[in-house]
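**Student:** Each residue of the sequence shown is one higher than the one before, starting from 6 at the first, in the numbering used here. Where is the CB? At the ideal position from N, CA and C, for every residue including glycine.
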Amino acid sequence: MEKKEQLYEGKAKKVYATADPDKVIVSYKDDATAFNGLKKGTIVGKGVINNKMTNMMMKMLEKKGIPTHFVEELDDRDTVVKKVQIVPLEVIIRNVAAGSFSKRYGVPEGTAFKSPTIEFSYKNDDLGDPLINDYHALALGLATEDEIETIKKMAFAVNDAMKQFFSHLNIDLIDFKLEFGRFHGQIVLADEISPDTCRFWEAGTWDTTHHTSLDKDRFRRDLGGVEDAYKEIFKRLTEGE
Ligand code: TMP
Numbered sequence: 006m007e008k009k010e011q012l013y014e015g016k017a018k019k020v021y022a023t024a025d026p027d028k029v030i031v032s033y034k035d036d037a038t039a040f041n042g043l044k045k046g047t048i049v050g051k052g053v054i055n056n057k058m059t060n061m062m063m064k065m066l067e068k069k070g071i072p073t074h075f076v077e078e079l080d081d082r083d084t085v086v087k088k089v090q091i092v093p094l095e096v097i098i099r100n101v102a103a104g105s106f107s108k109r110y111g112v113p114e115g116t117a118f119k120s121p122t123i124e125f126s127y128k129n130d131d132l133g134d135p136l137i138n139d140y141h142a143l144a145l146g147l148a149t150e151d152e153i154e155t156i157k158k159m160a161f162a163v164n165d166a167m168k169q170f171f172s173h174l175n176i177d178l179i180d181f182k183l184e185f186g187r188f189h190g191q192i193v194l195a196d197e198i199s200p201d202t203c204r205f206w207e208a209g210t211w212d213t214t215h216h217t218s219l220d221k222d223r224f225r226r227d228l229g230g231v232e233d234a235y236k237e238i239f240k241r242l243t244e245g246e
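(1) Please go through the same chain and pick out, in chain order, the residues whose beta-carbon is closer than 8 Å to the beta-carbon of T213, but skip the five residues on each side of it.
(2) What are the partner residues of E246, as DSSP defines its beta bridges?
(3) Looking only at its chain, what residues have a beta carbon closer than 8 Å to the beta carbon of E14, apart from the 5 residues adjacent to it on each side?
(4) Check whether the Cβ of A103 sits closer than 7 Å to any heavy atom of the ligand TMP, and report yes or no.
(5) According to DSSP, simplified to helix, strand and coil, what is S199?
(6) Let's see if you can read the secondary structure: which residues bound the beta strand (DSSP E) around N100?
(7) For the beta strand (DSSP E) that contains G190, what are its first and last residues?
(8) Would you say I48 touches the ligand TMP, meaning its beta carbon is less than 7 Å from a heavy atom?
(9) Output the distance between the C-alpha atoms of L174 and S32, rounded to the nearest integer angstrom.
(10) Below 8 Å on the Cβ atoms is my guess for I156 versus V96; work out the distance and round it to an integer in Å.
(11) Indicate the three-state DSSP secondary structure (helix, strand or coil) for V112 in the structure shown.
(12) Which one or two residues does DSSP pair with R204 in a beta bridge?
(13) Based on Cα-Cα distance, which residue from F106, V53 and T73 lies nearest to M62?
(14) What are the residues that DSSP puts in a beta bridge with E124?
(15) Among K158, D180, K51 and Y140, which one has its Cα closest to the Cα of E237?
(16) Could you tell me if the beta carbon of D201 falls within a distance shorter than 7 Å of some heavy atom in the ligand TMP?
(17) Enumerate in chain order the residues of its own chain whose CB-to-CB distance from L143 is below 8 Å, with the five nearest sequence positions on each side excluded.
(18) Considering only the beta carbon of each residue, do A17 and K34 sit closer than 8 Å?
(19) Look up Q90 in the DSSP assignment and give the residues it is bridged to.
(20) On the three-state DSSP scale, how would you describe T84?
(21) Just checking R223 against the ligand TMP - is the residue's beta carbon closer than 7 Å to any of the ligand's heavy atoms?
(22) Where does L183 land, buried or exposed, given buried means 16+ other C-beta within 10 angstroms?
(23) Could you compute how far the alpha carbon of F205 sits from the alpha carbon of H141?
(24) Report yes if the C-beta distance between K87 and V76 is below 8 Å; otherwise report no.
(25) Would you mind giving the Cβ-Cβ distance between N41 and D130, rounded to the nearest angstrom? I have them listed as a contact below 8 Å.
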């Protein structure tokens, strides 16, 4: 399958049309941004790792009965996916307090939750992806009630599958962001699952005073060792195959 015209360029990926109106090709870049594009940089090799890792995750989730947009990996950076209409919600699942949750609610990073949480952000760069609730999403017509229920169930199912998967790699899945799309009326998991969109902490080494991040927080927070963290995650993923 070949790339036709470029349809869209995002912060981390480009999307191309194909000869099939139901399929597009996503091409992963090494560009990294944080804080809604305010901080910009390059993480060398990130595009290859995020492409391959996302595809591994999508295949693993399909096996668990979760429908995804994945079709076929073409090469190191390019993958054919179903052409979905993205639901403009960032769906965030958290197992442990970190990042914006810790800031907003004054809970130290590394505080484990009694049960996982879910939150939605309205996907809108001009507004800085503001937090919204189900009723806001319904009121604004961003998704139907059925779609929101499906998205919640799928997001928690993804969490169960991923937590288990990463525990075998000695990595704790702290939180992550998902996006969903509509494909011929069905909600499917879309976008990516990578160190850009998940917090991964080295297992068993963290509490509320310290943790070792193996994800994009190393870039967001200028911790150094950014490329090495992506490589380490990818190494464990491929060793575990
Ligand atoms: P947060 O704590 O900053 O809200 O981030 C929660 C999770 O969502 C974290 O794993 C990183 C991911 N995330 C994205 O994928 N894209 C974003 O734009 C932001 C802000 C977070």
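**Tutor:** The structure says:
(1) P113, E114, G115 and T116
(2) Paired residues: none, contrary to the question.
(3) V20
(4) yes
(5) coil
(6) L94 to V101
(7) Taken as a continuous stretch (DSSP letters only), G190 belongs to no beta strand (DSSP E), as it is neither H nor E.
(8) no
(9) 27 Å
(10) 6 Å
(11) coil
(12) D180
(13) T73
(14) I97
(15) K51
(16) yes
(17) T149, E150 and I153
(18) yes
(19) R187
(20) strand
(21) no
(22) buried
(23) 30 Å
(24) yes
(25) 6 Å
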